[in-house]
Amino acid sequence: MLHLRQVIRLGKNQSNRESPCRQKQAAYGELSGDKPWASGLPRHNLEGIRLHAMKAEIGFAESVLVTGAAGFMGSHIAEYCRKLGMKVVGLDNLSGGFRENLPPGIEFIEGSVLDHALLERLFREHKFTYVYHLAAYAAEGLSHFIRRYNYQVNLLGSMNLINESVKNDVKCFVFTSSIAVYGANQTPMTEDLTPMPEDPYGISKYAVELDLKAAHRMFGLPYIIFRPHNVYGEKQNIADRYRNVVGIFMNQVMQGQPMAIFGDGTQTRAFSHIDDVAPIIATAPLVEKAYNETFNIGADKPYSVNELAQEIANSFGVPLDVRFLPPRSEVQHAFCAHKKVSKFFEIPPPINLSHGIQRMTNWARERGSTTPIIFRNIEVRKNLPPSWDI
Ligand SMILES: NC(=O)c1ccc[n+]([C@@H]2O[C@H](COP(=O)([O-])OP(=O)(O)OC[C@H]3O[C@@H](n4cnc5c(N)ncnc54)[C@H](O)[C@@H]3O)[C@@H](O)[C@H]2O)c1
520 MLHLRQVIRL GKNQSNRESP CRQKQAAYGE LSGDKPWASG LPRHNLEGIR LHAMKAEIGF
580 AESVLVTGAA GFMGSHIAEY CRKLGMKVVG LDNLSGGFRE NLPPGIEFIE GSVLDHALLE
640 RLFREHKFTY VYHLAAYAAE GLSHFIRRYN YQVNLLGSMN LINESVKNDV KCFVFTSSIA
700 VYGANQTPMT EDLTPMPEDP YGISKYAVEL DLKAAHRMFG LPYIIFRPHN VYGEKQNIAD
760 RYRNVVGIFM NQVMQGQPMA IFGDGTQTRA FSHIDDVAPI IATAPLVEKA YNETFNIGAD
820 KPYSVNELAQ EIANSFGVPL DVRFLPPRSE VQHAFCAHKK VSKFFEIPPP INLSHGIQRM
880 TNWARERGST TPIIFRNIEV RKNLPPSWDI
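Here the sequence shown stands for residues 520 to 909, numbered as in the working numbering.
In structure tokens, the structure reads:
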């Protein structure tokens, strides 16, 4: 692992004539490879990263669990953890993820966070230092109609992991919550607001946040909570017709269909590229002062869904073609402040929407379009948007 050795050398060689700033840049560059987040690793983490790399080099790499590792965000986070020299075990039941997303060099276990016997065995065998919990079914709009499934996976699955983390003295439990915890009419969303989630998905995320705080008070389990929003990018599931508007639009364009917009398209979201989010989450447990804190994370600038559709048409080089559907129950404007996260981590300049969309478009073209997957086990059909009632 050349990049890690160079980071170690950087720490050991005090006579290095390069400026500290250049040293840092070099270290970030080596860790980032050809990624555009060359300066994206949080500056506060450099010491932790260096120590971490030294441990990895002499065979003391920390063993970490990434749940949802075959999914979109989990696969990127697992990849960054590998780059940091961690031994990564990825767990995923492939209900929404794909084997081809798995980064090289990780041990993959196909299984569910609901299988507590499996979790018991994994925690006992691997003695995880950190747990990154990303496995979920994150279809926020659909969660009203699949309440039981939502709470089983997103809430009970999380409890199984928290139990094992407590029993096995995990050093930090990193949880990807969501800005869905804030609910409506709370913009800009800041971490000090009292969450008022409005749908089962947001309620399950907030319940897990509260449970982590209780587990910390009772057992001292350290945690870091991230509340990302509207993350998009390469490896996203573009076959899920209930979530990931960027992926849905791209799939529709590639199939020659109009982009289907709920309502009039004036609802706004701050779309965030995965490379603005994943490296911060991966390195977070190396920053002890971030322990037991909650952070919004993602892009600042909101765009309307109409503007997003235009960007996607531009990046595919096709005329804008949209179809407006009846509105569904959703928050009209969702954007949040990121002042707090920037106090703990160095946040790289954000990847702007056009650039991020172009990168994802290139990936999506290569991947090709796909038949949208229908969720078969709808529990409540009442008020289900007609376009979902198939
Ligand atoms: N993408 C976003 O915009 C966004 C925003 C806020 C929060 N989040 C959260 O980040 C996490 C990752 O989201 P994503 O967009 O990468 O979703 P994703 O669907 O791509 O990844 C989730 C993964 O979890 C796996 N999974 C589902 N149920 C499981 C189970 N019972 N056992 C094991 N694995 C299971 C799926 O197969 C999938 O690979 C989720 O917790 C989500 O709630 C995502």
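Glycine is no exception: its CB is placed at the ideal position from the N, C-alpha and C atoms. Please read these numbers as outputs of a predicted model, since none were measured by experiment.
Per DSSP, residue i is paired with what?
i           : result
residue 503 : Only positions 520 to 909 of the chain appear in this structure, which leaves residue 503 out of reach.
residue 651 : 585, 693
residue 923 : For the chain, the structure presents residues 520 to 909; residue 923 sits outside this window and is missing.
residue 807 : Paired residue(s): none; residue 807 is not in a bridge.
residue 822 : 788
residue 815 : 746
residue 852 : 787
residue 708 : 855
residue 759 : 892
residue 627 : 609
Determine the contact status of residue i and residue j, defining contact as a CB-CB distance below 8 angstroms.
i           : j           : result
residue 912 : residue 775 : Beyond the ends of the chain as shown, which are 520 and 909, falls residue 912; an answer cannot be given.
residue 652 : residue 677 : yes
residue 841 : residue 778 : yes
residue 654 : residue 586 : yes
residue 589 : residue 616 : yes
residue 679 : residue 735 : no
residue 846 : residue 768 : no
residue 689 : residue 656 : no
residue 839 : residue 828 : yes
residue 863 : residue 789 : no
residue 746 : residue 684 : no
residue 628 : residue 604 : no
residue 823 : residue 784 : yes
Since residue i and residue j should fall inside the 8 angstroms C-beta cutoff, what is the C-beta to C-beta distance between them, to a whole number of angstroms?
i           : j           : result
residue 632 : residue 607 : Wrong, their Cβ atoms sit about 16 angstroms apart, outside the cutoff.
residue 722 : residue 708 : Going by Cβ atoms, the distance from residue 722 to residue 708 rounds to 16 angstroms, so no, they are not a contact pair.
residue 694 : residue 725 : In fact, because the Cβ distance is near 11 angstroms, the residues do not count as touching under 8 angstroms.
residue 813 : residue 744 : 4 angstroms
residue 720 : residue 662 : 4 angstroms
Any chance the CB of residue i is under 7 angstroms from a heavy atom of ligand 1?
i           : result
residue 747 : yes
residue 908 : no
residue 591 : yes
residue 655 : yes
residue 662 : no
residue 815 : no
residue 632 : yes
residue 610 : yes
residue 672 : yes
residue 613 : yes
residue 697 : yes
residue 880 : no
With 8 angstroms set as the bound, which would you pick, yes or no: does the beta-carbon of residue i sit closer than that to a beta-carbon of chain D?
i           : result
residue 645 : Here chain D cannot be found, since the structure has a single protein chain.
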